[in-house]
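Step one of this worksheet: look at the structure below.
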Amino acid sequence: MNSTPLLSVRDLRVNFRMDKHTNFEALKGVSFDIPREQTVALVGESGSGKSVSSLAIMGLLPKENATVDPRSQVLYGGRDLLRLSGDEMRQLRGKEISMIFQDPMSSLNPVLSIGNQLNEILMLHMGLSARQAQERSIALLEEVGLPEPSRRINRYPFELSGGQQQRVMIAMAMACEPKLLIADEPTTALDVTIQKQIIELVDALRRKHGMAVLWISHDLAVVGEIADRVIVMRHGEIREEGTTRQIFESAKDRYTQALIQCRPPLDHRPLRLAVIDDFMADGTIMDSSKEEAVRGLSPNDEIVLEVKGLNKEFVSREGLFGKRVLRAVKDVSFTLPRGKTVGLVGESGSGKTTVGLTIMRLHEASSGEVLFMGQDLLKMSKKEQMPFKRRIQIIFQNPYASLNPRFVVGDILMEPMRIHGIGANDAEREKLARQLLERVGMPATSFGKYPHEFSGGQRQRVAVARALSMKPDVLICDESVSALDVSVQAQVLNMLQDLQEEFQMSYIFISHDLAVVKYISDEVIVMNQGEVVEIADSDEIYRNPQHAYTKKLLGSIPRGWHAH
Amino acid sequence: MNAASNASPVYQASPGLWTLAWRRLIADRVAMVSMAVVGAFLLLTLASGTGLIAENWNDEIAVGYAPPSIFGKPDISGRTKMSKHDDGAAVNAYPGTVKDPLAEDIAELKATLGGGTSASPSANTALDTKDDIDLGDGLKVVDPIGPEMAEILATTRMSTEQSRAESLLFGADKWGHDVIKKVIKGSETSIFVGFAAALVATLIGTLLGAVSGYYGGWIDDLLNWFYSIFTAIPYLLLILAIAAVLNQKGVMTIVLILGLTGWTGIYRLVRAEYIKHSTREYVQAADAIGASNARRMFVHIFPNVSHISLVQLSVHTVGFIKSEVILSFLGFGVPVDKVSWGSMLGEAQNELILGYWWQLAAATIAMAILVTAFSMFTDALRDALDPKIK
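Chains E and H, in that order, are what the protein sequence lines are. To convert a position in the first sequence, counted from 1, into the working numbering, add 1026. To convert a position in the second sequence, counted from 1, into the working numbering, add 431.
Structure below.
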């Protein structure tokens, strides 16, 4: 076997011009090799430069504001890819090196059938006739595990599920049997069970076709499942590189250690999650992270919220008289004790988010009861409900969307106080708002700033502060940490736990991330297609799942290196 | 790439959307030039509106159709009609061309004969016809055509306004009104109509669009139905119908006509934005904290779509200035005692055959400059407010 690497990146430096005066150094001299027939993973948080590396290899950097340093080299088969002309690069792309992206829906052309899009590649790069291309396309779709490929080949992208779309993307990438497949966060938008299938599929294809894979991900656990070698990046630099075993078992770099520790572990529950600062500052990891927290319900808990037989149907008109009823939530019942957390897990479409929105009456329920301290919120008029509104609050998934971009942070925090008459006047409210900012760990200067000036984690803190301004009894966290980087996620989770203890709030924690839910919840509710399939104590459910779906879900959690 | 923005230094208060848009606008050279032009027009309008300039545009200060003097000394022979101060007296001559043919001789006579005896009047004064010099012995130097000449000269002096026709850079109209003053007064009407009508249309369109897009359901259906009916009727027919209903001519009538017919496009745009925004998470979050519908619509969503209304206001101002011209041209526009660019063009319709082109040219140039500048400003404004779509 040839021992020279398939592709070598040497001293890759990429600069982005942000505006006239500011430059952003996305890559500060990165060098690594991709050996033949192996999987190399690039791991890092947002802004680490992992995606920029892959775009530079593919020659897809935006020309108008990205500049590659003349010293940089990307060597492939004796040629420097950075020096190739546009035409030469196009020859290479798709045929020898191909790429799959995070969001298959936006990568596929919505107005062409998947067959059309596949055939086009085959006819263009492989010079096949239309008939040959069609046959080959069906074979490819079969290979990537799309059920009934000869029927589905004429479907349009929107007719397929997210997982199926990603399979089509992989089929397109595999069409010309590339030597290198670059996978940029290919499973991030997918459910865990689908994620597992895609990981297995890519690995099987790699073995079968003898190609190399460059797998880009923010999730070390996923990477541990698939990679032979791992490269950890941060701020445009490589922090550590090694075999997957080395990285997981004896990471030398503090940042790598931190990344591994920040994820909530499945086998135990530290009182506090490690955050990157613990590792980066002086290296003395706080002892509290070794202490175990105890979670679970006790029968004497005071019940704050009780949901009984909740149903939600979405009715969509079809044709002139036709109606289609989608039952998003079917007969869901649970209780929420004071100061405890109930976790709501399920895959997309399971109805978990709808449950949260219906409890708050952001959607009107079709039937059922939501008893808050014994009073049914769903039967109240809007006016009667008003005093109760502040007592149940919600934090949404996407902090970029849930804060009004035209409001400064101060207004965001003071508005609910004005509506509910908290604080005697604006001066007092401002004082309260500043205290809240301090409480969620935001600098006092953020009071006069707009949301877009903050990072995702900081915005989520503002959203938490807004909810806190009304001193709620129940806080619904709808995928509140899912969009955050692992290290930031740990910080926000720690903060949520502290606040729960301080204010004795009850949480309904909605997430697709089983590890996070396990960590923060006392009780876990597993939902599938609108139905509750299992409710149990959180330790119990992970130790001893009863329902088949729960077992499948838990079996799909990426467990990193240890699973090998 | 958040790393870059995270590294920026901490400021106490941050610039909002409008401040940033303003900065982008100032940095845009085209925007600044067009803004200066529009600003100049607005100042002109303001000055004429408050009566600082062009207040006496209605004075008939020159001969009818006095040609523009900007292209050299005009040839006015053949223009018979005078302003009505002269009771229609026909004077074929031009001031300055009338001369007393005997004046020089008489003056000479007076100088030689009466030298030293009495205080000699200025020898050059041709008009000095009254005091004939008494030579004694009943002899007098008499100007034989003196009285007639005096009358003729007086007539020409009475029409010194006529002489000002020479200084009318852009000439005069049929009644001898200064075309420049007319254009200024006309721009006052046109710009006011444009702005006011655009304001009415934007207000109606934004309000209905907001309600329709935010609430959806039967309210949306109803308003859409209303919208469809409005757009189904031919534009001019609709304008005539409204004009008939309002049944009076006037600037405010035109404003109402244009405003009431012009809101439809804005309605569609704003409605679409409200549909998009009303399901956004920040609006749900506002619902969650207990904000009322009106609050969500106008305090939360409106600042996020207001730039669209503003750009539409700007676009429609240009459009309505043009519409006003068309309306006045067709005769449905401003009343006769007012002047607008449209009524000027309407008058020019008949003048053009006779070769009196200056009224048409003046109104057209003024309108073209304003409309072009305003359109460019609108483009720059849109770019400044939404740099992404540039």
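All C-beta atoms in this analysis are idealised placements derived from N, C-alpha and C, irrespective of residue type, glycine included.
* Asked: Shorter than 7 angstroms from the beta carbon of residue 1088 (chain E) to some beta carbon of chain H?
  -> For the purposes of this step, residue 1088 (chain E) is taken as the residue at position 62 of the first sequence. Interface with chain H (7 angstroms Cβ-Cβ cutoff): residue 1088 (chain E) is excluded.
* **Cutoff 7 angstroms: residue 1432 (chain E) Cβ touching any chain H Cβ** => In the first sequence, the residue the question calls residue 1432 (chain E) occupies position 406. Using a CB distance cut-off of 7 angstroms, residue 1432 (chain E) counts as an interface residue toward chain H.
* Evaluate residue 1199 (chain E) with the Cβ neighbour count: other Cβ atoms within 10 Å of its Cβ, from every protein chain shown; 16 or more gives buried, anything less gives exposed. => By 1-based counting over the first sequence, the position of residue 1199 (chain E) is 173. A buried status is given to residue 1199 (chain E), since no fewer than 16 other beta-carbon atoms sit within 10 Å of its beta-carbon.
* To do: State the Cα-Cα distance for the pair residue 681 (chain H) and residue 640 (chain H), rounded to the nearest angstrom.
  => On the second sequence, residue 681 (chain H) is found 250 positions in, with the first residue counted as 1. On the second sequence, residue 640 (chain H) is found 209 positions in, with the first residue counted as 1. A direct Cα-Cα distance of roughly 29 angstroms separates residue 681 (chain H) from residue 640 (chain H).
* To do: Measure the Cβ-Cβ separation of residue 1254 (chain E) and residue 1065 (chain E) and say whether it is below 7 angstroms.
  => As a position in the first sequence, residue 1254 (chain E) is number 228, starting the count at 1. As a position in the first sequence, residue 1065 (chain E) is number 39, starting the count at 1. Yes, they are a contact pair.
* To do: Could you list which residues in chain E have their beta carbon closer than 8 angstroms to that of residue 445 (chain H), in chain order?
  => Position 14 of the second sequence holds residue 445 (chain H). In chain order: 1434, 1474, 1475, 1476 and 1479.
* Interfacial residues, the segment 1256–1278 of chain E to chain H, with Cβ spacing under 9 angstroms -> 1261 and 1262: these are the residues of the segment 1256–1278 of chain E whose beta carbon lies less than 9 angstroms from some beta carbon of chain H, given in chain order.
* **Nearest-angstrom beta carbon gap, residue 1126 (chain E) and residue 1240 (chain E) [assumed within contact, 8 angstroms]** => To locate residue 1240 (chain E), count along the first sequence from 1; it is residue 214. To locate residue 1126 (chain E), count along the first sequence from 1; it is residue 100. Residue 1240 (chain E) to residue 1126 (chain E), Cβ: 11 angstroms. No contact.
* Asked: By Cβ distance below 7 angstroms, which residues in the same chain neighbour residue 1164 (chain E) in space, the five residues on each side in sequence not counted?
  -> For the purposes of this step, residue 1164 (chain E) is taken as residue 138 along the first sequence, with counting starting at 1. Counting only Cβ-Cβ distances below 7 angstroms, and skipping sequence neighbours, we find 1175, 1176 and 1179.
* To do: Could you round the C-beta distance between residue 1418 (chain E) and residue 1433 (chain E) to whole angstroms and report it? I think they count as a contact, below 8 angstroms.
  => Walking along the first sequence from the start, residue 1418 (chain E) turns up at place 392. Walking along the first sequence from the start, residue 1433 (chain E) turns up at place 407. Residue 1418 (chain E) to residue 1433 (chain E), Cβ: 22 angstroms. No contact.
* Is residue 1422 (chain E) close to chain H, meaning its C-beta is less than 7 angstroms from at least one C-beta of that chain? -> Translated into the one-based positions of the first sequence, residue 1422 (chain E) becomes position 396. Cβ-Cβ to chain H under 7 angstroms: yes for residue 1422 (chain E).
* If you follow the beta strand (DSSP E) that residue 1353 (chain E) is part of, which residue opens it and which one closes it? -> Within the first sequence, numbered from 1, the residue matching residue 1353 (chain E) stands at position 327. If you look at residue 1353 (chain E), you'll find it in the beta strand (DSSP E) that goes 1348–1363.
* Asked: Does the beta carbon of residue 455 (chain H) sit closer than 7 angstroms to a beta carbon anywhere in chain E?
  -> The sequence position of residue 455 (chain H) within the second sequence is 24, counting from 1. No, because no Cβ of chain E sits closer than 7 angstroms to the Cβ of residue 455 (chain H).
* Asked: residue 1506 (chain E): which of E:1491, E:1206, E:1536 and E:1301 sits nearest, CA to CA?
  -> Taking the first sequence and counting its residues from 1, one reaches residue 1506 (chain E) at position 480. Taking only the C-alpha atoms, the option nearest residue 1506 (chain E) is E:1536.
* Residue from H:664, H:644, H:658 and H:751 whose Cα sits closest to the Cα of residue 627 (chain H) -> Here residue 627 (chain H) refers to the residue found at position 196 of the second sequence. The shortest C-alpha separation from residue 627 (chain H) is found at H:751.
* Please list the partners that residue 713 (chain H) has in chain E, where partner means a Cβ-to-Cβ separation under 7 angstroms. => Counting from 1 along the second sequence, the entry for residue 713 (chain H) is found at position 282. Residues of chain E passing the Cβ test: 1427, 1428, 1429 and 1430.
* Residues near residue 738 (chain H) by beta carbon distance below 7 angstroms, same chain, minus five either side -> Indexing the second sequence from 1 puts residue 738 (chain H) at position 307. Within the same chain, and ignoring the five residues on either side of residue 738 (chain H) in sequence, the residues whose Cβ sits closer than 7 angstroms to its Cβ are 816 and 817.
* To do: Step through the CB atoms of chain E and report whether any lies within less than 7 angstroms of the CB of residue 708 (chain H).
  => The residue given as residue 708 (chain H) occupies position 277 in the second sequence. No, residue 708 (chain H) does not count as interfacial toward chain E.
* First and last residue of the uninterrupted alpha helix (DSSP H) at residue 1503 (chain E) -> Taking the first sequence and counting its residues from 1, one reaches residue 1503 (chain E) at position 477. Per DSSP, residue 1503 (chain E) belongs to no alpha helix (DSSP H); it is in the beta strand (DSSP E), 1500–1504.
* For residue 1583 (chain E), the three-state DSSP class (helix, strand or coil) -> Here residue 1583 (chain E) corresponds to residue number 557 of the first sequence, with the count starting at 1. Residue state for residue 1583 (chain E) is assigned as coil, using DSSP reduced to three classes.
* Just checking, does the segment 1073–1081 of chain E make contact with the segment 1256–1276 of chain E on the three C-beta pairs under 8 angstroms criterion? -> Short answer: they touch.
* If you check the beta carbons only, do residue 1249 (chain E) and residue 1256 (chain E) fall under 7 angstroms apart? -> Walking along the first sequence from the start, residue 1249 (chain E) turns up at place 223. Walking along the first sequence from the start, residue 1256 (chain E) turns up at place 230. It is a contact, given that the beta carbons lie within the stated cut-off.
* Asked: What does a CB cutoff of less than 6 angstroms around residue 549 (chain H) pick up in its chain, not counting 5 residues either side in sequence?
  -> Indexing the second sequence from 1 puts residue 549 (chain H) at position 118. Only weak support is given to the placement of residue 549 (chain H): the predicted model assigns it a pLDDT of 46, under 50, and the value that follows is read from those uncertain coordinates. So the list is empty, once near-sequence residues are dropped.
* Asked: Hey, quick one: how far does the alpha helix (DSSP H) through residue 1394 (chain E) stretch, first residue to last?
  -> Stepping through the first sequence from its first residue, residue 1394 (chain E) is reached at position 368. Segment 1393–1398 is the beta strand (DSSP E) holding residue 1394 (chain E); no alpha helix (DSSP H) there.
* Asked: Using 8 angstroms as the Cβ pair cut-off and three pairs as the minimum, do the segment 1363–1377 of chain E and the segment 1214–1234 of chain E touch?
  -> Judged by pairs of C-beta atoms under 8 angstroms, the segment 1363–1377 of chain E touches the segment 1214–1234 of chain E, as three or more such pairs exist.
* To do: Give the single residue among E:1450, E:1526, E:1034 and E:1201 whose Cα lies nearest to the Cα of residue 1366 (chain E).
  => The residue given as residue 1366 (chain E) occupies position 340 in the first sequence. Each of E:1450, E:1526, E:1034 and E:1201 was checked against the Cα of residue 1366 (chain E), and the nearest Cα belongs to E:1526.
* Can you tell me which of the three DSSP states residue 1554 (chain E) falls into? => The sequence position of residue 1554 (chain E) within the first sequence is 528, counting from 1. For residue 1554 (chain E), the secondary structure class from DSSP, reduced to helix, strand or coil, is strand.
* Residues of chain E with a CB under 8 angstroms from the CB of residue 735 (chain H): which are they? -> Numbered from 1 along the second sequence, position 304 holds the residue referred to as residue 735 (chain H). Neighbours of residue 735 (chain H) in chain E, taken as residues whose beta carbon is under 8 angstroms from its own, are 1430, 1431 and 1432 in chain order.
* Proximity to residue 1342 (chain E) [Cα-Cα], best of E:1335, E:1351 and E:1121 -> As a working note, residue 1342 (chain E) is residue 316 in the first sequence. Selected option, being the one with the closest Cα: E:1351.
* **Cβ contact (3+ pairs, closer than 8 angstroms) linking the segment 779–798 of chain H and the segment 648–666 of chain H** => No, the segment 779–798 of chain H is not in contact with the segment 648–666 of chain H.
* Does the count of Cβ pairs from the segment 1091–1111 of chain E and the segment 1180–1194 of chain E closer than 8 angstroms reach three? -> No, the segment 1091–1111 of chain E does not touch the segment 1180–1194 of chain E.
* So, is the C-beta of residue 1522 (chain E) closer than 7 angstroms to a C-beta in chain H? -> Along the first sequence, read from residue 1 onward, the residue named residue 1522 (chain E) stands at position 496. Not flagged as an interface residue toward chain H: residue 1522 (chain E), since no C-beta distance is shorter than 7 angstroms.
* 7 angstroms CB neighbourhood of residue 1295 (chain E) in its chain, flanking five on each side removed -> Mapped onto the first sequence, residue 1295 (chain E) falls at position 269. Closer than 7 angstroms at the Cβ level, and outside the excluded window around residue 1295 (chain E), lie 1318, 1319, 1321 and 1545.
* Taking C-beta pairs closer than 9 angstroms, name the residues in chain E that residue 722 (chain H) reaches, listed in chain order. => For the purposes of this step, residue 722 (chain H) is identified with residue 291 of the second sequence, where counting begins at 1. What residue 722 (chain H) touches in chain E: 1441, 1442 and 1445.
* Whole runs of the beta strand (DSSP E) within the segment 1400–1446 of chain E, excluding any shorter than 3 residues -> Qualifying beta strand (DSSP E) stretches, in chain order: 1418–1421.
* To do: Work out the CA separation of residue 1488 (chain E) and residue 1482 (chain E) for me, nearest whole Å.
  => For the purposes of this step, residue 1482 (chain E) is taken as the residue at position 456 of the first sequence. For the purposes of this step, residue 1488 (chain E) is taken as the residue at position 462 of the first sequence. Going by the C-alpha atoms only, they are around 10 angstroms apart.
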